[in-house]
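Below you'll find the structure, written out as structure tokens, and then a few comments.
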Amino acid sequence: MANNSPAKNLLYQKLQEVIDEKKGLQNPLIEILHQAQGIFGYLPAEVQQYIAEQMNIPIGKIYGVVTFYNFFSMEPRGKHVINVCTGTACYVKGAPKVIQMFEEELSIKMGETTKDGLFTLTSVRCVGACSLAPVFVIDNETYGRVDARKKLVKILDTYR
Ligand code: FES
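End of the sequence shown = 240 in the numbering used here, gap-free, step of one.
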């Protein structure tokens with residue numbers, strides 16, 4: 081096990097349970113990585129290494145999957161994750177402006193986490209709510225047609 085602190089061991093124990101449960105499925109890797117990210121909050125190299133060893137697959141394959149999908153993160157994420165939709169409809173209706181407003185309000189760039197660990201700003205492809213474009217999702221909550229800074233700050237304040 082990668083670390084012997086009791087809290088961390090507990091996380092690895094949970095991960096092992098997930099691996100044992102899913103291992104027999106067809107193509108279980110993405111599901112296991114999803115759950116691993118839920119357990120650890122992100123997917124550091126040591127977690128990827130552990131999964132590779134347990135599943136007997138090359139670490140390069142895990143790394144390839146983790147870096148291919150932008151919902152996987154190798155860095156610790158903030159308490160709240162802001163996913164700005166950059167699908168075509170949202171892009172046309174002002175996603176770049178929404179991103180700029182978040183960046184200015186939070187003093188971070190796309191892909192970064194605020195110093196206080198409260199927010200991570202990231203992007204997603206179409207979330208299926210195009211009629212509400214421009215759309216962003218904070219944790220599991222979807223917000224649409226937010227094109228004014230005042231509105232955006234009000235929403236952010238509810239998470240502060
Ligand atoms: S393009 Fe943003 S929800 Fe579809």
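Glycine included, C-beta positions come from ideal geometry on N, C-alpha and C.
- In the three-state scheme derived from DSSP, where H, G and I count as helix and E and B as strand, L186 is classed as helix.
- Relative to the Cα of V215, the nearest Cα in the group M135, L232 and T200 belongs to L232.
- DSSP, reduced to helix, strand and coil, places F120 within a helical segment of the structure shown.
- In terms of side-chain proximity, the C-beta atom of A125 is found no nearer than 8 Å to any non-hydrogen atom of the ligand FES.
- Proximity annotation: the ligand FES has residues C165, G167, A169, C170, C206, V207, A209, C210 and V215 in chain order, each selected because its CB is closer than 5 Å to a heavy atom of the ligand.
- I218 has I162 and E221 as its beta-bridge partners, per DSSP.
- Taken through DSSP and simplified to helix, strand or coil, L201 comes out as strand.
- The shortest CA-to-CA distance from R240 to any of T194, V226, S211 and R225 is the one to T194.
- Per DSSP, reduced to three states, the secondary structure at T168 is helical.
- Secondary structure note for L236: its alpha helix (DSSP H) is the uninterrupted segment R229 to D237.
- Residue pairing by DSSP places T193 opposite T200 in a beta bridge.
- Here DSSP, grouped into helix, strand and coil, assigns M135 to helix.
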